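In this note's numbering, the protein residues as written are 552 to 840.
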């Protein structure tokens with residue numbers, strides 16, 4: 552059976568709307584753990600508001616946040632999957648359908664960087680990247696809309712033969728510059744190595760790793776633990792209320808590189824928007840976060 556244009560279009564629309572209306576289960580669990588560990592009353596109240604907002608959005612079928620961001624999709628194509636259509640067009644049409652049908656409606660956040668004109672569509676929208684899955688006959692599509700609060704503070708710098716200490720100092724510089732303007736507690740993704748563009752890709756993908764998962768690279772596992780402790784020691788806290796949790800997690804990925812080593816840092820706000828779907832060769836669709 553061939554995976555159809557209509558199936559991809561409808562799935563893209565479905566997961567995008569879900570990403571705007573549902574906080575992932577692992578993120579709600581992390582917020583609950585933060586609430587139980589929080590020592591400051593105002594920060595506990597803020598975490599309670601976040602959890603209540605997440606539940607209310609699901610129960611009332613509403614947006615978790617009015618800043619719905621811009622559409623970002625990650626697509627993994629099975630090398631044995633049969634596609635007879637323009638998958639970019641299917642995803643773009645799914646976004647258009649979502650804009651036309653979602654209730655409550657979303658605001659116009661897609662912005663032309665040359666004219667600052669705002670709308671629902673624009674050049675290269677939705678932002679879509681592709682990878683492959685060797686030997687598979689299915690495709691995976693994950694939607695992670697990017698909004699202003701967290702998107703504004705992503706950064707990248709290129710070093711020559713940096714030490715781990717140099718890398719961690721740079722990450723903390725980015726954290727301090729962002730302060731609480733990225734709507735903490737955040738998920739921080741870090742990409743080390745590769746090339747300029749690939750480091751940024753790794754950093755974004757690191758934010759999508761399930762919360763509570765453990766890095767299988769011992770050096771990075773230790774780095775994540777050190778950075779998580781350091782970020783939370785800043786005292787910015789939930790939405791800048793001065794509490795104990797500024798980051799729910801720090802996730803790091805790396806790739807081999809030249810002597811020049813790019814280091815990219817990006818953030819997901821506390822909502823941690825993401826929703827994915829696996830479309831099988833038989834036309835069945837399985838959602839995942």
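Heads up, the beta-carbon is just placed ideally off N, CA and C, and yes, glycines get one too.
For clarity, every value in this text was computed on a predicted model and none was experimentally measured.
Take residue i as the anchor and find which of the options has the nearest alpha-carbon.
i	options	result
residue 712	671, 554 and 744	744
residue 850	789, 799 and 620	Limits of the chain in this structure are 552 at one end and 840 at the other, which puts residue 850 out of reach.
residue 816	661, 809 and 719	719
residue 793	606, 556 and 589	589
residue 714	607, 828, 647 and 774	774
residue 650	777, 820, 561 and 826	561
residue 680	809, 632, 587 and 752	752
residue 627	583, 684, 585 and 672	684
residue 830	607, 762, 632 and 808	632
residue 825	791, 555 and 615	615
residue 583	812, 612, 656 and 763	763
residue 652	668, 797, 677 and 612	612
residue 661	697, 693 and 727	697
How many angstroms separate the CA atom of residue i from the CA atom of residue j?
i	j	result
residue 580	residue 749	31 Å
residue 835	residue 635	18 Å
residue 707	residue 795	27 Å
residue 785	residue 563	38 Å
residue 818	residue 695	12 Å
residue 617	residue 609	15 Å
residue 787	residue 730	7 Å
residue 675	residue 593	42 Å
residue 665	residue 769	44 Å
residue 747	residue 709	8 Å
residue 566	residue 559	11 Å
residue 578	residue 822	7 Å
residue 777	residue 767	16 Å
residue 771	residue 799	17 Å
residue 832	residue 810	43 Å
residue 531	residue 629	In the structure as shown, the chain begins at 552 and stops at 840. Residue 531 is therefore absent and cannot be evaluated.
residue 812	residue 739	19 Å
residue 827	residue 728	31 Å
residue 573	residue 737	16 Å
In this structure, how does DSSP classify residue i when only helix, strand and coil are distinguished?
i	result
residue 837	strand
residue 682	strand
residue 702	helix
residue 554	strand
residue 579	helix
residue 802	strand
residue 639	helix
residue 627	strand
residue 662	strand
residue 572	helix
residue 771	helix
Would you be able to state if there are at least three C-beta pairs under 8 Å between the segment 589-607 and the segment 640-648?
no
Any 3 or more C-beta pairs closer than 8 Å across the segment 683-697 and the segment 720-727:
no
Given 8 Å as the limit, is there contact between the segment 796-811 and the segment 754-761, that is, 3 or more CB pairs closer than that?
yes
Uninterrupted beta strand (DSSP E) stretches inside the segment 711-757 (no shorter than 3 residues):
737-744
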